[in-house]
Structure formats: C-alpha cells, structure tokens
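A.B. asks:
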Amino acid sequence: MSINPAGWRPERPETAATAAPATVTGNRALMLEEPLIFEVGSTLTTGVDLAEPPAGKPRLGTLERTSAIGLPGLSEPEAMRHYTRLSRQNYAIDLGLFPLGSCTMKHNPRLNEKMARLPGFADVHPLQPVDTVQGALAVIQELAVWLITLTGMHGVAMSPKAGAHGELCGILAIKAALGAKGEGHRKVILVPESAHGTNPATAAFAGYSVENIPATDEGRVDSAALIARLGPDVAAVMITNPNTCGLFERDMKTISDAVHAAGGFVYCDGANFNAIVGKVRPGDLGIDAMHINLHKTFSTPHGGGGPGSGPVVLSEALSPFGPLPFVAKHADGHFALVEEETAGDDHPQSFGRMVAFHGQMGMFTRALTYILSHGADGLKQVAEDAVLNANYILRSLEDTLHAPYAASGPCMHEALFSDGGMAEGFSTLDVAKGLIDEGFHPMTVYFPLVVHGAMLVEPTETESKAGIDQFVAALRSVAERAKAGDASLKTAPHFAPRSRLDETQAARKPVLVWKDAVLAEAAE
Amino acid sequence: MRYLPLTDTDRQAMLSVVGASSIDDLFVDVPEAARLSGPIAGLPMHASEMAVERHMSALAARNTVAGQVPFFLGCGAYRHHVPASVDHIIQRGEFLTAYTPYQPEIAQGTLQVMFEFQTQVARLLGTDVANASMYDGSTACWEAIGMARRITKRAKAILSPGLHPHYVSVAKTMAKYTGDALDTALPTLDDDFGIDALIAKIDGETSCVVVQYPDILGRIADLSALADACHANKALLVAVVTEPVALGAIRSPGEMDADIVVGEGQSLGVGLQFGGPYVGLFGCKDKYVRQMPGRLCGETVDAEGKRGFVLTLSTREQHIRREKATSNICTSSVLCALAMSAHMTLLGEAGLRRLAEINHLGAAAAADRLAEVPGVELVNTSFFNEFTMKLSKEARPVVRALADRGILAGVSLGRLYPGEGALANGLVVAVTETTTEDDVEALAQALAEELA
Chain B
181 MSINPAGWRP ERPETAATAA PATVTGNRAL MLEEPLIFEV GSTLTTGVDL AEPPAGKPRL
241 GTLERTSAIG LPGLSEPEAM RHYTRLSRQN YAIDLGLFPL GSCTMKHNPR LNEKMARLPG
301 FADVHPLQPV DTVQGALAVI QELAVWLITL TGMHGVAMSP KAGAHGELCG ILAIKAALGA
361 KGEGHRKVIL VPESAHGTNP ATAAFAGYSV ENIPATDEGR VDSAALIARL GPDVAAVMIT
421 NPNTCGLFER DMKTISDAVH AAGGFVYCDG ANFNAIVGKV RPGDLGIDAM HINLHKTFST
481 PHGGGGPGSG PVVLSEALSP FGPLPFVAKH ADGHFALVEE ETAGDDHPQS FGRMVAFHGQ
541 MGMFTRALTY ILSHGADGLK QVAEDAVLNA NYILRSLEDT LHAPYAASGP CMHEALFSDG
601 GMAEGFSTLD VAKGLIDEGF HPMTVYFPLV VHGAMLVEPT ETESKAGIDQ FVAALRSVAE
661 RAKAGDASLK TAPHFAPRSR LDETQAARKP VLVWKDAVLA EAAE
Chain C
1313 MRYLPLTDTD RQAMLSVVGA SSIDDLFVDV PEAARLSGPI AGLPMHASEM AVERHMSALA
1373 ARNTVAGQVP FFLGCGAYRH HVPASVDHII QRGEFLTAYT PYQPEIAQGT LQVMFEFQTQ
1433 VARLLGTDVA NASMYDGSTA CWEAIGMARR ITKRAKAILS PGLHPHYVSV AKTMAKYTGD
1493 ALDTALPTLD DDFGIDALIA KIDGETSCVV VQYPDILGRI ADLSALADAC HANKALLVAV
1553 VTEPVALGAI RSPGEMDADI VVGEGQSLGV GLQFGGPYVG LFGCKDKYVR QMPGRLCGET
1613 VDAEGKRGFV LTLSTREQHI RREKATSNIC TSSVLCALAM SAHMTLLGEA GLRRLAEINH
1673 LGAAAAADRL AEVPGVELVN TSFFNEFTMK LSKEARPVVR ALADRGILAG VSLGRLYPGE
1733 GALANGLVVA VTETTTEDDV EALAQALAEE LA
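In order, the protein sequence lines correspond to chains B and C.
Taking our numbering, I'd label the letters of the first sequence as residues 181 to 704.
Taking our numbering, I'd label the letters of the second sequence as residues 1313 to 1764.
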C-alpha cells in the first residue's frame, strides 16, 4: 500500500480572508442555539423510569384530573444537553471576574456544596422530632454564635430568607420594640438617598413614611442633616455601612448615639459587610440591627438570582423582639427549637413568625463551612484583600474614568466611577456592553442613584492580581473608546450569544409564558 | 488560605500603586476605637478541607436521615426521589455561580430557564401566567394576600382552617403591620374541607379567600363553588398548593377558576433540606399580572431580530419604585426553580401523571393497611398522598416513641397545633414513591404496639 499525498489532511490553516458564512443551524461552533423545551419535548416522553402504580381504587372523589397539563418531557441525554447548552449562555464567577458592586460575587467554594449534600443535612425533614435533628440545630446554633461574635451583637434571627427579608425582620423588630415602649407614634424612617431600593420599600411595607437624607459632596451621608432631622416622630434610620458609594461612614457611631438619644433605632444594611468582616464589629458602632447576606459575605451561591439567606443580628434592646422560631441550647448540650408553643415562656415579646420552618438550612451549612475554612484570621484577610483590590482598581483607573469621590480617601471594597468625560451620546451602558465583548461581566451600573451614570466595581478578594490587571486594561480600553466616541461601542456586545435586547417591547406587550399563538405570530 | 489568590508580593506591589504604606492605611476612615488590631479573640483560625469536613460530618451524623428509616412526614415538605441529573444540572458553575440576570446578553441561560419555569408552573397550577419564583410557599401565600388587597382595595382576608399553620402564622405576623384583617379558624378533625363555611363568611368587605388544596389534613374538595361565591362578591380566590405532585392527579385550582394560585415547589427537584431553601410558586390570571410581586422574565428580540429573554415589568419592583414597589422582594429562588424545572422536564406530562398515580395509590394502600390497626381511625375519605388518622391516644408522644424505635411516623397535629386538645390525637401521614410496602408494614406493626 502506498501513501497518496493528494487529499492529505491539511496541517496549516488557510490564510485567505473570507467573511464568516451563515450556518444552516444558526449555531457558531461552540456557541449553540437552544430551542425551548416546548418546541422539542413531547408530553409522551419521559426521562424518569417509574414503576407500575400499585393496584387499587383511587380516592380522588370527583377531582380526578381530566385535562392535559401540557408539560413536555425529555429523555435524560436530551435534558442534559438542553441545560448544559443553556448554561453556556451564562456568564458566571466560575468563568471570570464578576465585579457587580454591592453584590459581592466571590468564589463559591465547592466544599460548601459537598457539605450541604451530606444526607444528614440534605435529607432531613423540618418537622422531625427535635431529638432526631440535633445536628441540624447545632449547625444553626454554631453559625449563630459566629455571626454574633463577628458583629459584636447580642442576638441573631436566623430565619429570614434573603437580604430584603432580613431588612423586614429588623424593621419589624424595631416596630415591636417601639410599641412595647409606648412609642408606636413614631412613623418616620430616615433613609440616605444612596440607599438600596429595598430599604425604602421595606420601611414603606412596615407602615412607615420614608424621608430621604442627602449625601455630602464627599459621598457620605450628611450626618448634620440627619441629626437635625431626629425627633419624637423618627422611629429609625436605615444606613448602609460601608455605604453604596464604597465609603465607610466615619460618623456612624456619632449618628447612632444621636439616634438613640432621640429615642430611635439604627438599622444597618449589611450588604457590604465583606469590606469589614473580621476588622470592624458593627456592634461597636451602635448598630441595633443588621442583616447579613450569606450569599455575599459568606459565599453561598447566587444561583442566577437566589436562593439568598439573610440572618439579622440584633442589639440587646431588640433581641427580645426577634422572630420565631429559633434554636436554644440548654445547659446539658441539648438543642431545643423555640416555636409558638413555648414562645410564651421563652420569648414572649417576639413579633412572630416570618417563614414556614426554620430558614435557609442549606445556606447555613454552606456558610458555616466557609467560615470554618477561613477562621478568624482568614476572614480578616478576606476584608483586607477585598479592600486592597478595590483601591487598586480605583487608583489604576482614576486617570481614565471619572471617580467622583477619589479625593475622599480610600474606598472600601468597591470603587465608584461616573460617566463624566464620555463623548456626546455615549453612556455608562455602552461601557458595560463593551466590557462584555472583552469577556467580563459588567460592574453595577446606574447605582447608586446619587452619581450620574454610576459604575460600581466590586472585585472581591478571590481575584488574582493578574486577573485584576487584565480587567483594568479592558475597562481602560473600553472607557477610552467611550471618550473617543467609537461608534462600534454603541452596538456592543458583538460577540455575546445575543446583541442588545429590546426591553421596551418586552414590557409593552409582555410574553411571559410560551404559547402556540406566540409561535404562529412570530412566523407571520 | 486556599481561597485567596493574592501573595504578599502582590499585596506590596498593589499597596504601592495605591500609595499606601500598609493595609491599615486603607481603613483610616474607621474610627480608631472601632478598629480591631488582630483576629477576633475566641474564634478558631482557618482550617483545611479535611478538618472542616470532619467537623461538619460529625454534626450531620447526629441527625436521623429520612432515607434511612421508614419515613412518613409531609405537611408542607415532601420526600420524593430526585433524578441524579437534576443535581448535576444545578451544579453547572454557569448556573450555580451566576447573578440575577441584569445583563441579559450574557444571561440567556438563566433567563430561558426562568421562561420555561414560568410556563411549566402556569400550566401545572392552571393559571395564565406565573412568576420566576418566590422565597417559599409561606411567603408566596402572604404576598398573594397583599396582592388581593391591592386589586380589590379591601383588606379582609378569610383563611381556610385547612391552611398550613405556619402559613397562617406568617400571614398573622405581616398583617399586624399592614392592617389586614384576617379571619382564621382551626381545622376540625373530620372529613369536612369546609367549603360551605367559607362561602358563608364572604361579604362585601372580603378581599380574598385563601384555601389550601390538598389541605393540611390531606383533604381535597372542588373549589368551583367557592370561586363563584368569591367572584359574586368581587373578592378573589387564592389557592395554595404545598404538594405540586398532586396536580398530576387532581384538577388544578386554576381550572376551578382560582384567581391567584401560589404554592411550595420543593417536592419537585429540591429535596427536604430541613426546611430550606425551597421555591415559592406564584401564578395568576393575566389581568392581574401588573399587581404581581417577584421577578418576571419575558420574551423579546435582540438588535438582530433573534429571540431572547429579559427581566421585565420591573417598574413593579423595589429597585425602580423604591417605597412604592409591590413588594420589597429583591431575590427569588432561581436555583431551586431550575431544579424544579429540570425535574419537570425529565418527568414530562406522562412521567408526572404516573408519579402522581404511584403516590396516590400507594397512599390509598397504606391508609387501608393502617386503618386495620386497632386504635386507628381514618379521617379522610378522599386525599392525594397524605391523609390524617385519629389515634386512640395523643399522637405526639406516639410519634416520639416511634422515632425512638427508628420510625419517623408522620406529623402529629399536636406539633402543629400545640395545646389544641381537640386535635391532639391527629396524625398526618404522607406516602410517596419512596415509601415501600415494608415501610408501611413496619409503621403498622409499631403503631399497633404503641396503641395497645
């Protein structure tokens, strides 16, 4: 047999420049288009093998389902491919730096996932007799002790399901405490204008009227204005510290003392706790209540938008009013669950229950695993590295991007820029979309509202210097294109699975579920 | 420290770019008195994977694992088999470690999952639309009461006696602050779902009637007459489903003209996890969508005309509306929604209906067997996979005694309604596809001995 060199496999790429052709499938190599399950699945297909139902007579009365549901099924290989293909259209921390300010997108350690899946935690029912769940109650108690110690507070409510739910918990505790003191007439909550939207929404839900407190030119709450507004009608102030401009509120203790002297309470939004964990205890700043987003500071996964978990640490004044249920440790080492049944004796002033069962147990096991892995020394290093990374970004880019509070001193764990200096017609949104083409998730944009075209960059501590340097180079380049008026930036992203999406159309004529009619209309 | 990439050399180089001589220079804005000089005293230092694993495993070993004993608990959380692929899917880093899809061009994966989930949930509940999930069933239930208040501009909600007592508790807590008046009642240990009594309570002030289906005792009833009575008084019917697998066998609340249907989705894909995280379901009629709380994903097109998905109708939400938002909710339960959606996709209609049939007929057989035990009286004539038995003695000590014998027998009504003597002998028993005939036999025999 002889070798025929004609028809041999080419070993070098062709150099001729030709435009990329359209493909029949719409796919582009590894970028795969994926239809909806309703377009490919069938109601007769199943990816689960189930036994024959046992013999017997149904007891459904007249309620037996007679209509079709309309749920398509896929076999296991089809399902794996469907979800794997969809997953590849997402940016994620596992792919790269995810600098969303105020969101603390840090690495999610996989040991956390492994521990949460131990059958002793994952396969336990919330209403099992307490003697059969002593380990689960121990996890809640152990995490509670860590959170109390790290914050220098008196107690902690573990059950809130997420940060905003924790805010609600704190405000309800404040309302209950004021009621108990005969101070129920206090109807105003003061909120700095730089606050997260959840703060005023929470205060309004609890029946308070919200008054905004302005920020100073250096990006901090105007403490003089705040203190001047205090009085017999003010129930509480809600302050984010470190604040949403990325700065530490220097006057926090002074503000707290003034609020207490005026008979009110201090709620701290703990979204930015990552900057100070292990370095500063909020209890030392006179805080009465603060939620802790376990999905931020303590690394439980965000999962594309939840589940979160928002335990709330409470001062001595507020602890008696915290919600049910909670875990109590008896002198003999036995753990008890304090619920409605025994609350009359153990916790008579509680404002009540916020959720069914005991809170986000699966997040507690992950957060405790994270905390034990770091220890007191590691958590302190977390805050220091997070703050160092943010300051490094601030100082590396302040010559290119307008940094409104650069002169206010060091930032904490996030660096704030504005759209100042961009060419006519170019905006923060264009910079964000340009960053996507560079392979980065954009920073938080248009928040906080106190800065025009805000860009809030939070790198977290789990980024390497090389990774941050590459991000800085990318953001610098995109910012320079925005300043130079590079038209190609207006149509970015060019290399993402989708170009800019029409959000106006989505809101004007909402299509929220898949219908045959939608397909028919689209085909017209 | 294995999670921190910076080296001391990096830190020095970065400090010099920043113009700081030490890390403490970056914390100058913290008042001196509040600055800690070293690691917080009294706490342990960092630990290896192996050491942490040992500690956590020891704690886990102190719990009785549901899958390792005959197990019959339900009442809002159910043990079902979850296909192995579901857990693999939710551990894809691109799903697990993504954020809320604020940049839709690079979040189409999560967004398409949300859209598929919304459609699956709406079809299962029988509603026109559904949102992208809530924290859990109990908070979804409260949000439905608030939504009914906004729609009807009335503030009196009637809660059915069969509504999960934790859900009632949550609603009572919240109502203290919103001024809603809640009409509540305890269930009775009989076969009456209570439709007629609920209808009798509806008046011109009623915002909604909230009814759980199947209810806390496992009872089921046709909701159509209740829906008609609500609508005749311009009130809404809110239905709560804590066991979505049931809807594979029984008519959906939406089919019976419920206006809002909420629920707990944990049964499909999520697992027990000692109560959370779970996934709240929320569906409603089209005409109410702009009063709906929570995240919504909608279909649209991109600049090239390709189909894509975005978060939409966000003018209802707190980050836009602040104090005027429909709810203060910021997070949903997307990863759990993905688990539920993937499980539904694997089951498909045929699989879900068969799963429901297995659950139902298994429960019927178990009910028959347990009713043979002297001292056991079956309360329900109709049910899905959960029923209530009236024992000849107080159920709570019986449950504890059976736990000591290695059987998790169910949920006693004494646990759910402490101090309510009329309910004390009630035991709610759930049977799913994971329950074996041997499990039922073990329960029947042990129960016979305890009741003898």
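The C-beta atom is built at its ideal place from N, Cα and C for all residues, glycine as well.
(1) Taking 8 Å as the CB-CB cut-off, is N571 (chain B) touching chain C?
(2) With 8 Å as the threshold, decide whether the Cβ of R1323 (chain C) is near any Cβ in chain B.
(3) So, does the CB of L1529 (chain C) fall closer than 8 Å to a CB anywhere in chain B?
(4) Note the first and the last residue of the continuous alpha helix (DSSP H) segment covering I482 (chain B).
(5) What residue from B:N571, B:S644, B:E258 has the CA that sits closest to A587 (chain B)'s CA?
(6) Are the C-beta of V1752 (chain C) and some C-beta of chain B separated by less than 8 Å?
(7) Name the chain C residues that come within less than 9 Å of E643 (chain B), Cβ to Cβ?
(8) Check whether the Cβ of E704 (chain B) lies closer than 8 Å to any Cβ atom in chain C.
(9) Check for me: the beta strand (DSSP E) holding G1620 (chain C) runs from which residue to which?
(10) Quick check: what's the CA-CA separation for G1722 (chain C) versus V1711 (chain C)?
(11) What residue from B:A442, B:S389, B:P412, B:P491 has the CA that sits closest to C448 (chain B)'s CA?
(12) According to DSSP, is A1493 (chain C) part of a helix, a strand, or is it coil?
(13) Excluding five sequence neighbours on each side, which residues of the same chain lie with their C-beta closer than 7 Å to the C-beta of A353 (chain B)?
(14) Taking P299 (chain B) as part of the alpha helix (DSSP H), name the residues at either end of that continuous run.
(15) With 16 other CB atoms within 10 Å as the buried threshold, where does G362 (chain B) fall?
(16) Quick check: the stretch 368-385 of chain B against the stretch 626-644 of chain B, are at least 3 beta-carbon pairs closer than 8 Å?
(17) For the pair the stretch 312-322 of chain B and the stretch 401-411 of chain B, tell me if three or more CB-CB distances fall below 8 Å.
(18) Which residues in the same chain have their Cβ closer than 7 Å to the Cβ of Q1603 (chain C), if we skip the five residues on either side of it in sequence?
(19) Would you kindly report the start and end of the unbroken beta strand (DSSP E) that includes D610 (chain B)?
(20) Is it right to say T1321 (chain C) is buried, meaning 16 or more other beta carbons lie within 10 angstroms of its own, or is it exposed?
(21) So what does DSSP say about P306 (chain B), is it helix, strand or coil?
(22) Any idea if N184 (chain B) is buried or exposed, counting beta-carbon neighbours within 10 angstroms, 16 or more meaning buried?
(23) Is S1644 (chain C) close to chain B? Criterion is C-beta to C-beta, closer than 8 Å.
(24) With L254 (chain B) and T225 (chain B) assumed to form a contact (beta carbons below 8 Å), what rounded beta-carbon distance in angstroms separates them?
(25) Against chain C, which members of the stretch 205-229 of chain B pass a CB distance test of less than 8 Å?
(26) Tell me the rounded alpha-carbon separation between E213 (chain B) and G206 (chain B).
(27) So with CB distances below 9 Å, who are the chain C contacts of I560 (chain B)?
(28) Using only the alpha-carbon positions, how far apart do K433 (chain B) and S1536 (chain C) sit?
(29) Please identify the residue among B:D431, B:T684, B:H582 whose C-alpha is closest to the C-alpha of L655 (chain B).
(30) Using the Cα positions of M635 (chain B) and F597 (chain B), report the straight-line distance between them to the nearest angstrom.
(31) For N454 (chain B) and L1682 (chain C), what's the separation of their Cα atoms in angstroms?
(32) To the nearest angstrom, report how far apart A1374 (chain C) and R208 (chain B) are at their CA atoms.
(33) Would you give the residue range spanned by the alpha helix (DSSP H) that V652 (chain B) belongs to?
(34) In whole angstroms, give me the CA-to-CA distance for G1588 (chain C) and G542 (chain B).
(35) Checking contacts by CB at 8 Å: is L699 (chain B) closer than that to chain C?
(36) Could you please give the first and the last residue of the uninterrupted alpha helix (DSSP H) stretch that includes F445 (chain B)?
C.D. replies: Judging by the given coordinates:
(1) Closer than 8 Å to some Cβ of chain C, the Cβ of N571 (chain B) qualifies, so yes.
(2) Residue-level contact by beta carbon holds for R1323 (chain C) and chain B, with a gap shorter than 8 Å.
(3) The Cβ of L1529 (chain C) sits no closer than 8 Å to any Cβ of chain B.
(4) The amino acid at residue 482 (chain B) is misidentified as Ile; the sequence shows His. It is not in any alpha helix (DSSP H) - H482 (chain B) carries neither H nor E in the DSSP assignment.
(5) It is B:N571.
(6) Cβ-Cβ to chain B under 8 Å: no for V1752 (chain C).
(7) Simply P1317, L1318.
(8) With a pLDDT of 40 at E704 (chain B), under the threshold of 50, the predicted position of this residue should be treated as unreliable, though the coordinate-derived value follows. For E704 (chain B), no Cβ of chain C is located within less than 8 Å of the residue's own Cβ.
(9) Counting along the chain, the beta strand (DSSP E) containing G1620 (chain C) begins and ends at 1619-1623.
(10) Roughly 7 Å separates the two Cα atoms.
(11) Looking at the Cα atoms, B:P491 is the closest of the given residues.
(12) Of the three classes helix, strand and coil, the one that applies to A1493 (chain C) here is strand, per DSSP.
(13) Contacts found: A469, L494, L498, F501, G502, F531.
(14) Where P299 (chain B) is concerned, the enclosing alpha helix (DSSP H) stretches over 299-302.
(15) G362 (chain B) should be labelled exposed.
(16) Flag = yes, the stretch 626-644 of chain B and the stretch 368-385 of chain B touch.
(17) No, they do not touch.
(18) Taken in chain order, the residues that qualify are M1459, R1462, I1463, T1638.
(19) Premise fails: D610 (chain B) lies in the alpha helix (DSSP H), 608-617, not in any beta strand (DSSP E).
(20) Burial is judged here by how many other beta carbons sit within 10 angstroms of a residue's own beta carbon; T1321 (chain C) has fewer than 16 and is exposed.
(21) Assigned with DSSP and collapsed to three states, P306 (chain B) falls in coil, not helix or strand.
(22) N184 (chain B) counts as exposed, since fewer than 16 other C-beta atoms from the protein chains shown sit within 10 angstroms of its C-beta.
(23) So yes, S1644 (chain C) belongs to the interface.
(24) About 6 Å separates the CB atoms of L254 (chain B) and T225 (chain B); that is less than 8 Å, so the two are in contact.
(25) Within the stretch 205-229 of chain B, the residues whose Cβ lies closer than 8 Å to any Cβ of chain C are, in chain order, E214, L216, I217, F218, G221, S222, T223, L224, T225, T226, G227, V228.
(26) The alpha-carbon separation between E213 (chain B) and G206 (chain B) amounts to approximately 7 Å.
(27) Reading off the sequence shown, one finds Lys at residue 560 (chain B), where the question assumed Ile. Listed along chain C are L1348, G1350, P1351, I1352, each with a C-beta nearer than 9 Å to that of K560 (chain B).
(28) A straight-line Cα-Cα distance of about 59 Å links K433 (chain B) and S1536 (chain C).
(29) Comparing Cα-Cα distances from L655 (chain B) to each of B:D431, B:T684, B:H582, the minimum goes to B:H582.
(30) Computed Cα separation, rounded: 5 Å.
(31) Between N454 (chain B) and L1682 (chain C), the C-alpha separation is close to 54 Å.
(32) First, the amino acid is wrong: residue 1374 (chain C) is Arg here, not Ala. Using only the alpha carbons, I get a separation of about 52 Å.
(33) Taken as a continuous stretch (DSSP letters only), the alpha helix (DSSP H) holding V652 (chain B) covers 645-664.
(34) Using only the alpha carbons, I get a separation of about 6 Å.
(35) Note that L699 (chain B) has pLDDT 43, beneath the 50 cutoff, so the model's placement of it is unreliable and no number is given.
(36) First-last for F445 (chain B): 445-449, but that is the beta strand (DSSP E), not the alpha helix (DSSP H).
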